[in-house]
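Read top to bottom, the protein sequences are chains A and B. Each residue of the first sequence is one higher than the last, beginning at 1 in this note's numbering. Each residue of the second sequence is one higher than the last, beginning at 1001 in this note's numbering. Where is the CB? At the ideal position from N, CA and C, for every residue including glycine. Down below is the structure, laid out as C-alpha cells.
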Amino acid sequence: MAWIGAYSRPVPLVHSCHMRTFPGFLIVALAAAGCQREERQLRLDPPVVAALEQIALMPNRISGTPPQIYFALDRPYEENAYNLSQGKRLYSWFGCKACHADGQGGAGPAFLDGWWYYGPEMVSIFASIRDGRPHGMPAFRDQMTTEQIWQLAGYVQTIGAYSAKTAAPSRNDEKQTRPAENRAPAAKLFDEGPTPVHTDQGPTP
Amino acid sequence: MKLRATARLRALIPALALAGCTGWQSAIDVHGASAISLKHLIVMIVATCSVVWALVIATLIVALWRRREARESAIALDPRRQRRMTLAVGGAVAATVIVISAFTVSSFFTTRQLTAAGADNLTIKVRGLQWWWGVEYFGSKPELRFETANEIHIPVGRNVRVQLEGLDVIHSFWVPSLAGKQDLIPGRPNEITIRAERAGVYRGQCAEFCGLQHAHMAFFVVAEEQRAFEAWTALQRDNAVASSDEEVIAGQRVFLSRPCAACHAIRGTAANGKIGPDLTHVGGRKYIAAGLLETTRGSLAAWIADPQTLKPGNNMPMVPLAAEELRSVSAYLASLK
C-alpha cells in the first residue's frame, strides 16, 4: 500500500473499496461473536441454594457481603437478563406493587428516586425482602425460595440503579408508568440533592 | 429373504403413518362439530386437488407420448387446430376459476359456521400462562364459580363457549379432535365454541410457540354425559375435604407453612395463592404439570422435589423440603380427589 503515499492524488474509489474490505470483515466477525447466547441457570443444586442464603450483614442490618458462592457464580442476579425477567414477574406476583407501585412508592418507599433507606447493595435488598424491615415491610422468607428472593432483589436494584445495566428484563405489555429498567441511571434522571448522609445509603432526595 | 423384509418394512411405513392419524389428538379422527366440518373441508380440497393433479399429469403424459403431426409448414395457420387449442386453454382457465371460487366459497361458509354460537351455551374461561392452562367455571351465583387447571370437562352434545385470555405471551388453544385453533392474546379477549359429539378424553395443546416449555403445555378435554358432568361440577365446587389421616394432616401443615401456599390455592384452607394452578382437587385430575406426568403420589413427589429437572424453565421453584415433609405433602396432594 506504499504507493498510495507515493502518488499525491486522491485514491480512486475502486481501490478504496478494496481497502475497506478488511475492516468490514472485522465488523462482521465482531458482530458474529456477539451472537453468543446468555447463560440461563434454570436449576440450582440444593447445596448452592443453601450457600446462597449465607449472607453476612453488618450489625445494623445495612450492607454486608454476599456469600462466596455468589462471586463463584459470577454475580448471577445483577446482570443476567433471564434472572431480571424472573424478578420482574415475582415483583408483580408477590404483591410488591401494592406498596411500592411501579417503583414510585406509596405505602412503601419509592425505588425510582435512587434513595435507598438500607443501601443499594444486593445483600441489603435481599435481607429486606427475606427478613422484612420495620414500619411495614413483611418478611417473605416463608413465601419465596432463596433463589426467587435473589432474583427479585436484582430486579428491585435495577429500578433505582445508579448506573445503567447492560441487561434488561422483559418488556412491559401494560402502559408504561416510568422509565425502562435499563434506562440512564437514576442519578442522572433525578435531582441528587446534597451529599449522601450515609455512605451506604446513596444520595438524599 | 432380506428383500422380503424390506418390502414388509415399506408396507409398514404407510400403515404407521395412517395409525398416526387416529387417537385422542387428531384433526382427522374427529368427534366435535367444528372439527367435523373442518375435516369435510380438508377432505374436499385434498380430493379435488388430487383429481386436478391427476388430470394435469395425464395431459402431460399424453402430450409427451402423442406422435407429432406432420405439417407442411411450421408457420402455416390451421383454423381447425387453432379452434381446438382455444377450446382446450379456455376450458382449463374456466375450470381453474371454478375450482378456486368453489374452494373460497366453501371455506368462507365453513369458517362462518364455526363462529355461529348455538343457544344452548355453557360458558367457561380458559387462561393461558407459561406453561399451563387455568380453567374457570361460572354458575348462576358467584359461589358456584370454581377454578381448576389443565383439565376441561364438558357435557356431550352441548355448545361450550370458551373465553380465552392470554396473560403473559401469545398462546393458542387447540383440541384437534374437537375444533380448530384460536389464539390467546394478552389484552385481547378471544373465544372459541367447542362441542363434542361423542364422550371421550381429547388431548389439546398450545399451538403457538410460547417459550421454553411450549411442548409441555398440554391439556385434556373430558367430554361426558350431562349427568356425569353435573356430578363432576358439584364435586369441583366443594372445598377440599379434611382428612383424618395423620400423614395427610402433616402434609397439609407443610403445604401451608412453606412457600407452596403463596402461589397455589386449596379452597377450604388458608392457601389462596393465585400465581400457580388451583390445587383444590389436584388428586382427581388425570395429569399434573400440564400433561407432563400422570397424577400419582409418586409423580407428585417427583415434581415437587425437582420441578426444574422435569420441566426446565417452568415457574415452579424447587422448595427445599426434608424427606419426611416431601412424603407427607405428596400424600396430602394425592388425597385431594
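- By DSSP's assignment, ILE1152/B forms a beta bridge with VAL1221/B.
- Three or more Cβ pairs closer than 8 Å define a contact, and the stretch 1205-1225 of chain B meets that threshold against the stretch 1151-1167 of chain B.
- Residues of chain A whose Cβ lies closer than 7 Å to the Cβ of ILE1275/B are, in chain order, TRP93.
- Here ASP45/A carries a coil assignment [DSSP, helix/strand/coil].
- Using a CB distance cut-off of 8 Å, THR177/A does not count as an interface residue toward chain B.
- Neighbours of GLY1211/B in chain A, taken as residues whose beta carbon is under 8 Å from its own, are absent, since the nearest beta carbon is some 11 Å off.
- The three-state secondary structure of VAL1097/B, taken from DSSP, is helix.
- Residues of chain B with a Cβ closer than 7 Å to the Cβ of PRO66/A do not exist; the shortest Cβ-Cβ separation is about 19 Å.
- Beta-bridge partners of LEU52/A (DSSP): none assigned.
- By the C-beta criterion, the stretch 1227-1238 of chain B is judged not to be in contact with the stretch 1166-1173 of chain B, since fewer than 3 inter-stretch pairs fall below 8 Å.
- Within the stretch 27-46 of chain A, those residues whose Cβ lies closer than 8 Å to any Cβ of chain B are, in chain order, ARG40, LEU42, ARG43, LEU44 and PRO46.
- Taking 8 Å as the CB threshold, GLU147/A lines the interface with chain B.
- Residue range 81-93 is occupied by the alpha helix (DSSP H) that includes LYS88/A.
- Going by C-alpha positions, GLY1313/B is about 52 Å away from ILE1098/B.
- Distance from the CA of GLN1252/B to the CA of ILE1288/B, rounded to the nearest whole angstrom, comes to 19 Å.
- Taking a C-beta distance under 8 Å as the contact criterion, GLY1273/B and LYS1337/B do not qualify as a contact pair.
- Rounded to whole angstroms, the Cβ separation of LEU1184/B and HIS1031/B is 23 Å, and the two are not in contact under 8 Å.
- Contact of ASP173/A with chain B by beta-carbon distance below 8 Å involves PRO1186 and GLY1187.
- Listed in chain order, the non-local C-beta contacts of ILE55/A below 8 Å within the same chain comprise GLY64, THR65, PRO66, PRO67, VAL123, PHE126 and ALA127, local neighbours out to five positions each way being set aside.
- TRP1024/B carries a coil assignment under DSSP once its states are collapsed to helix, strand and coil.
- Annotation: GLY1276/B is outside any alpha helix (DSSP H) and is labelled neither H nor E by DSSP.
- Around SER1328/B, the same chain offers GLU1247, ALA1250, GLY1251 and VAL1254 as residues with beta carbons nearer than 7 Å, after the five sequence neighbours per side are excluded.
- With respect to chain B, the C-beta atom of VAL48/A has no partner C-beta closer than 8 Å.
- TYR77/A places its beta carbon less than 8 Å from that of TRP150/A.
- The C-beta of MET1318/B comes closer than 8 Å to at least one C-beta of chain A.
- Residue pairing by DSSP places ASP1183/B opposite SER1172/B in a beta bridge.
- Linking GLY1023/B to VAL1175/B through their CA atoms gives a straight-line distance of about 12 Å.
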